[in-house]
Amino acid sequence: MPKTKKEEKKGAVDPAKKAEAKKKTEEALRETESTVSEVEKESPEPKRAGRPDWYEDMKERTSRAHTYMRCFDATKKDVGSTYSIKKLDQIREASNQKLFEMSFLEEGTVKCHEKMMSDTEHEKRKVKGQEYYERTMSRISRAKQKHSDLLDAIETRKEEIKRDPKQAKKSSIIERFREMGKNHTMLQLIRRVRLFETNPGYKEKATTWYGKAAEKVMGVKNAIMTDGITEVTETSSKIKSTTDDLQENAEELQNAIEGIDKEDGPLKGIFGMVKNTAGLIKDTFFFIKDFDKRSSENNLDQMIGIVTSGMSTLADVAGKLASLLSNFPFIGPIIGLIKNGIKFFTEGYKLFRSQRRIRKLREQKKILKERMLKRKKKYASDPELKGLYKYIGEGKEGQAELDAKKLGKREYRGLRGGGSDARDKMKRAESSKTQAGKKKAYYAAKEAETVEQYDEIKEAIHKNKNRTKDATVAIVQEGIDVAANIAKFFPGTGDVVSAAIKIGSTIAGAGKFVGSKMVDLGKSAFGHRRSKEKKKKFRSKYAEHIYDHMAEVSEYLDGEGKIDLNKADPGRVRKVAESYDYAENMLTGMGVDMADMVGAKSKGELLEAMSEAFGAGD
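In our numbering, each residue's number is its place in the sequence shown (first place is 1) plus 1.
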């Protein structure tokens, strides 16, 4: 059967693209330093074909025996820097497997020697062969002893880890990451970051038809819709929507007052329902498609959004069908109350989530302040460092208290430099952090990095406070709408009251919107620290800083795409774990859609998505 044009195109293009993508991914995940011990590596296969005689066989066996001896010895040296008990058990298992393999080598060597001794045609070669035999057996014997020493070293190391709290902590950290599933959302994102770091300037091209179409549409949109035009368009759209609501409510009030009963056409509102249904299908499709790219929290948010949207659409359909079948005087207010209930649930859920995120972020802020206080006490006796963390103090009950006036406004700090500045300074000064007269540079940079973390947590709290406020206002407005729908159950005067309430609610909403816009315009005109332009700048800086934390963690990805800290410098295990936790907590606290993060086509796109996440809810 001849191939279709689509099949021919796929056969010609897709394999190359897939091969290129696979290559880039493999490069991104390749370790700079192997995390596999010598005994865990596969042994080379003995040469079977082309072996001239027993002499060459014995010579090759001598080499293999040396390999076993060397791998046991090398692994023993690595055991001292291993902090995972589970890893040590894996090494022990691999070591025993190697010993089992070596038993076949020993047995074969004895048989080869027997064959050699029965050969009467090559007496001169037998002398050299005997030397190889004795050397092989000696090496096997030494390898057995080294295997025994390795097992002893493993058990000793396990006891050291159990006795030492610090080592036990490192072990638990390592195990935590080793047990993390490969498809964990944060691991997917960190692998993405590793791809961007390994391939500077990398930008993934769409391969699916809808992806290519979306790229073209977004390209046209970005070329036409600048930030300024987008702002004007969104504002105009909001004004038009508010104007339409006021007009509709005013007409409803007039009709109620005049007692005019106007019937809607049977097809009025059908287009809107079709549009809503299509949107619901699209949201459901992408929810299923990106399910494994989201955290459980993300998926819950998305699912609730889809379910409530579906319920609202269903209520519209039910109301329309009822109005087409017969004249139900109370169908309108009943459907309205149903939609009120749905709205109450969705906004209440948003309120709950925002409050929960605020609590978690405040816990992180508390931990960070305690860390600041601990460092201040530690540096107090050092003449070079005692001036650091001057804005943190200790309360009456020993709690860490931060003086906001001494620290200053986070927005002003956010407008200076970039999100990588403090971390870059720390790296440059790390080699001299123990030298008198030079160590302050490192610890001052470390303080600046800690303060930036504090600023980012505060900004995330600010964002969730805005979300809480918006959800509260929405619930209040929905309560007003409930009163309007209840009033509709009383024909005549009730209709007038209902329409009047809705007009008041619409005007209140319009006032909030206009007031918010006026405040934004005023901030921009006077260069306020929280003007739209300045917020974009320091939020981009915050996004860059969070990205750097993920980039640091991505350096420890193994060949399977999981985080392996066994080969990390002992002093870095805890720091890498802290970087991971900070990045994850910040992304969770901002309520980002992880599918958007994991699906980012480039580093720039990922940074922009994180920056925008700080502003959601403004």
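A virtual CB, placed ideally from N, CA and C, is assigned to each residue, including glycine.
Local Cβ density within 10 Å of residue i, reported as buried at 16 or more and exposed below that
i      : result
Val80  : buried
Phe615 : buried
Lys112 : exposed
Gly130 : buried
Val452 : buried
Val554 : buried
Asp58  : buried
Phe101 : exposed
Val14  : Low local confidence applies: a pLDDT of 49 at Val14 is under 50, so the model's placement there is unreliable, and no value is given.
Ile141 : buried
Pro267 : Reliability fails at Pro267, whose pLDDT of 44 lies under 50, so the model's placement of it is uncertain and the value that follows must be treated cautiously. With fewer than 16 Cβ atoms within 10 Å of its Cβ, Pro267 is classed as exposed.
Glu34  : Since pLDDT at Glu34 reaches only 38, below the 50 mark, its modelled position is unreliable, and no value is offered.
Gln454 : buried
Asn567 : buried
Gln98  : exposed
Gln189 : buried
Arg363 : exposed
Gly560 : exposed
Val599 : buried
Ala405 : exposed
Ser382 : exposed
Met587 : buried
Lys88  : buried
Met118 : exposed
Glu585 : buried
Glu122 : exposed
Lys470 : exposed
Lys1   : Because the chain spans 2 through 619 in this model, residue 1 falls outside it and cannot be assessed.
Ser580 : buried
Glu348 : buried
Glu534 : exposed
Gly39  : The residue you asked about is not Gly; residue 39 is Glu in the sequence shown. The residue in question, Glu39, is buried, as its Cβ has 16 or more Cβ neighbours within 10 Å.
Asp90  : exposed
Asp165 : exposed
Rounded distance between the beta-carbons of residue j and residue i, thought under 8 angstroms
i      : j      : result
Met591 : Ala461 : 5 angstroms
Arg192 : Gly562 : 5 angstroms
Ile92  : Thr68  : With a Cβ gap of about 17 angstroms, Ile92 and Thr68 do not count as contacting.
Ile86  : Ser172 : 6 angstroms
Arg414 : Asp456 : 6 angstroms
Gly426 : Ala442 : In the sequence on display, residue 426 carries Lys and not Gly. The Cβ separation is near 7 angstroms, so the contact holds.
Glu412 : Arg530 : 4 angstroms
Glu41  : Ala95  : 4 angstroms
Ser421 : Glu545 : 6 angstroms
Ser82  : Pro384 : At roughly 35 angstroms, the Cβ-Cβ gap does not stay under 8 angstroms, so Ser82 and Pro384 are not in contact.
Tyr84  : Val574 : 7 angstroms
CB of residue i within 7 angstroms of CB of residue j, strictly
i      : j      : result
Phe353 : Lys604 : no
Ala578 : Ile174 : yes
Leu564 : Phe178 : In the sequence as displayed, the identity of residue 564 is Ile instead of Leu. Yes, Cβ-Cβ distance for Ile564 and Phe178 is below 7 angstroms.
Thr186 : Met551 : no
Arg195 : Leu558 : yes
Thr110 : Arg62  : yes
Gly409 : Lys542 : no
Tyr380 : Leu386 : yes
Asn465 : Arg372 : no
Leu106 : Arg65  : yes
Lys60  : Tyr133 : yes
Ser355 : Arg540 : no
Ala449 : Ala430 : no
Trp55  : Lys116 : yes
Ile162 : Ala154 : no
Lys537 : Glu205 : no
Leu151 : Phe73  : yes
Ala472 : Lys351 : yes
Lys183 : Met70  : no
- Task: Would you be able to state if there are at least three C-beta pairs under 8 angstroms between the stretch 387 to 403 and the stretch 422 to 438?
- Result: no
- Message: For the stretch 401 to 413 against the stretch 356 to 374, do three or more pairs of beta-carbon atoms, one drawn from each stretch, fall closer than 8 angstroms, so that the two count as touching?
- Response: yes
- Message: Runs of 4 residues minimum, wholly inside the stretch 411 to 485: which ones carry the alpha helix (DSSP H) assignment?
- Response: 411 to 415 and 422 to 430
- Give, in chain order, every unbroken run of the alpha helix (DSSP H) that is at least 4 residues long and sits entirely within the stretch 131 to 182. 166 to 179
- Query: In the stretch 342 to 396, which residue ranges form an unbroken alpha helix (DSSP H) of at least 4 residues, counting only runs that do not cross its ends?
  - Reply: Secondary structure in the stretch 342 to 396: no alpha helix (DSSP H) run of 4 residues or longer lies completely within the stretch.
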